[in-house]
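Read left to right, the sequence shown gives residues 2 to 296 (our numbering).
In this text, a Cβ means the ideal position worked out from N, Cα and C, and glycines have one as well.
Please read all numbers here as calculations on a predicted model, not as lab measurements.
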Amino acid sequence: MAERDPGESSGTQFCGNCGVAVVPGGTACVQCGASIQPEHDSYELGGDYIPYCRSCGVPVAREEALHCTKCGVTPLCREHYYPSTRSCALCPAIESDGQGEQDSVSLPGRPTGPWPKPAATLPCPQCGARIRQGVEFCPNCGADQEGVGEASRYPGFLPRFFAFIIDNLIILAGGTVLFAIVEIPALGLLITIPYYVGFTYKLGQTPGKRLLGLLVVDDNGTIPGLRRVILREVVAKSVPSMLLLAGTFSLIFSVAGYASGTVLLLGYLWIVRDPKDRGLHDHFAGTYVVKKKRN
């Protein structure tokens, strides 16, 4: 039997550190000295199989699962494992000096780029597994990742405040025109309630929210029903406003008016500290204000 040339490479296995083709049976890379894991026909998964890609969380069938021989992460989908470099999207960055890179350029059999850019990951608070940013649940234990993607979904205080200003300017302009025609006490409230209830119930957004790309939704992510809209716009917002207005004209309602006004103000300021940017009126009605997705 002819002896194998010690310099002959397999052509199928590459060093996960520098990318040089590995000599069959070798335990260390001839270029960088990194240890080489034995190549197996298949990777045996121990225990219960978790059928989700550890990088992006998409379902991966057992027979389609890929295993990173560099960092040991498994399973992976085809999009996040790179056979040419034997590395995956979760592999740590490869640190090398300029001289090492210059010496290795001319080596035969080395895969050419583009080299994968390591993905930013966070530890799962439940099991500690590394999870790619943007994945809403842990592919290892299934725990929901608190706050993932929420920064891009909820608008924050300032956009809601500016939408509030725009809506009230529209109401003020309409009220000024109507008051010049018909002098009705508390005309502002008579315009405000139908304005907010009607637009929120029909469209999920007032003109001010529409200009800033905001949408009122319920727990299911849909436009809330009439009951939730009335709880939000009438009971939680308009009634305290009416009590506050009545308190300025009557000593009987002054205490209730100032108390309700304080609660109303705190309800709006609650948006600043709430993790999902919800005011007290949102909690009361079971609603959320989110950024509307552009078509």
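In the three-state scheme derived from DSSP, where H, G and I count as helix and E and B as strand, Ala247 is classed as helix. Rounded to whole angstroms, the gap between the alpha carbons of Ala247 and Ile166 is 23 Å. Less than 9 Å divides the Cβ of Phe285 from the Cβ of Arg233. Assigned with DSSP and collapsed to three states, Ala286 falls in helix. Partner residues in the beta bridge of Lys292, as assigned by DSSP, are Leu215.
Contact check for Lys210 against Asp168 passes: the beta carbons are separated by less than 9 Å. Where Gly268 is concerned, the enclosing alpha helix (DSSP H) starts and stops at 255-274. Boundaries of the alpha helix (DSSP H) around Ile171: 158-182. The residue among Ser261, Gly280, Pro276 with its C-alpha nearest the C-alpha of Leu270 is Gly280.
Excluding five sequence positions before and after Gly157, the CB atoms of its chain that fall closer than 6 Å to its own CB belong to Asp278, given in chain order.
Distances from the alpha-carbon of Thr263 to those of Ala237, Lys292, Asp275 put Ala237 closest. For Thr201, the enclosing alpha helix (DSSP H) has its first and last residue at 188-204.
When DSSP states are grouped into helix, strand and coil, Pro84 belongs to the coil group. The straight-line gap separating the alpha-carbon atoms of Leu173 and Asp220 is approximately 32 Å.
Nearest in C-alpha terms to Pro276, of all of Thr223, Cys33, Val59, Arg154, is Arg154. Remark: C-beta atoms of Leu216 and Gly205 approach each other more closely than 9 Å. According to the DSSP secondary-structure assignment, Ile231 is paired through a beta bridge with no residue.
When the alpha-carbon of Lys293 is set against those of Ile224, Val240, Asn141, Arg228, the nearest one is in Ile224. Rounded to the nearest angstrom, the gap between the Cα atoms of Asn141 and Cys89 is 17 Å. Counting other Cβ atoms within 10 Å of its Cβ, Ala164 reaches 16 or more and is therefore classed as buried. Only residues of its own chain outside the window of five on either side were considered, and among them Cys139, Cys142, Ala144 have a CB closer than 8 Å to the CB of Gln127, listed in chain order.
The alpha carbon of Cys72 has as its nearest neighbour, out of Leu265, Glu80, Glu65, Thr86, the alpha carbon of Thr86.
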